[in-house]
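Under the working numbering, the first residue of the sequence shown is numbered 807, with each subsequent residue one higher.
The C-beta atom is built at its ideal place from N, Cα and C for all residues, glycine as well.
Remarks on the structure that follows.
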Amino acid sequence: MLDTAIDLLRGRRIAVLTGAGISTDSGIPDYRGEGAPRRTPMVFDTFRSSADARRRYWAGSHLGWRRFTSVHPNDGHRALARLEEAGLVTGIATQNVDDLHERAGSHEVVHVHGRMHTVSCLDCGRTYDRERIAAEIELLNPWIVVPEQVRLQPDGDVEIDASQDFLVPPCPVCGGMLKPDVVFFGEIVPPAVFAAARDVIAAGEVVLVAGSSLIVNSGTRLLEVARRASVPIVIVNRGETKWDGRAAVRVEGGTSETLTTIADALVAPF
């Protein structure tokens, strides 16, 4: 099936859609794959309405983010960056909130579910670098330390028990409510972001899906753009996906080794 996938991708402009599975080899677990940790995702309305929920979220999110930033791109990320450098891809629409695609060298990346590296105020709309807010968190909560072993979740969050003693910093400008720039459950993907992701997919002559079970609505909506245009879809994933029956080719396997093989086949050696 891999050879069939390579033949289908060769000579076509490739639009890429990635999910949590592409980052597992970097040490970030998948939401739904085998061995995925049980988790209770934050709901946007709960975050807004409950100070206790915000304390719990921010305490775990801070520790998770510190651990999150220590991971590195893997061969799957680097393979996609090679394909972009060779002019073979229209861009990457990713469902991940990490910045591993960019750190691997990709430039045309749309973060459908947001990015954990910036924080915005829900009241005044100002945006801050996460490092600035992290420094304020550690100033307000000097007891907080990063454990050597943090069970990392795909959105950069972890569970901790001391959250009721945690002080959440306010917006440095207006004193309002801060939230990481990730899409919570119950939030909609910003229309401009979804439009940019749709443009990436629409520009492709073939769509390469890497590391996604295609359960989340945003991913399936993007693939509908390709399906309606009769654009073939190639899926690379460990385990079944909801779109296996609609894919032109389905490759069972890890993204690091599979995408590396694809890039080796499609990118001419210097």
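DSSP three-state assignment for residue i, whether helix, strand or coil
i, result
"Ser-926", "strand"
"Arg-921", "strand"
"Ala-899", "strand"
"Ile-994", "coil"
"Thr-824", "strand"
"Ala-1054", "coil"
"Asp-831", "helix"
"Ala-1016", "strand"
"Leu-984", "strand"
"Val-1031", "helix"
Contact set for residue i: own chain, Cβ-Cβ below 8 Å, skip 5 residues either direction
i, result
"Ala-859", "Met-848, Thr-852 and Phe-853"
Close Cβ partners of residue i (< 6 Å) along its chain, the five nearest in sequence each way excluded
i, result
"Ala-1053", "Ile-1039 and Ile-1041"
"Arg-884", "Ala-910"
"Arg-1056", "Ile-1041 and Asp-1050"
Segment limits, beta strand (DSSP E) that includes residue i
i, result
"Thr-933", "933-935"
"Ile-1041", "1039-1043"
Local Cβ density within 10 Å of residue i, reported as buried at 16 or more and exposed below that
i, result
"Gly-749", "What is shown of the chain runs 807 to 1076, which leaves residue 749 out entirely."
"Glu-890", "buried"
"Ala-941", "exposed"
"Asn-1023", "exposed"
Endpoints, alpha helix (DSSP H) assigned at residue i
i, result
"Ser-867", "857-874"
"Gly-882", "881-891"
"His-907", "906-910"
Touching by the beta-carbon criterion (3+ pairs, under 8 Å), the stretch 855-873 and the stretch 1042-1056
no
Under 8 Å, with one C-beta from each stretch per pair, do the stretch 846-853 and the stretch 985-1001 reach the 3-pair mark?
yes
For the stretch 972-980 against the stretch 923-931, do three or more pairs of beta-carbon atoms, one drawn from each stretch, fall closer than 8 Å, so that the two count as touching?
yes
Determine, using beta-carbon pairs with one atom in the stretch 905-923 and one in the stretch 941-948, whether at least three such pairs fall under 8 Å.
no
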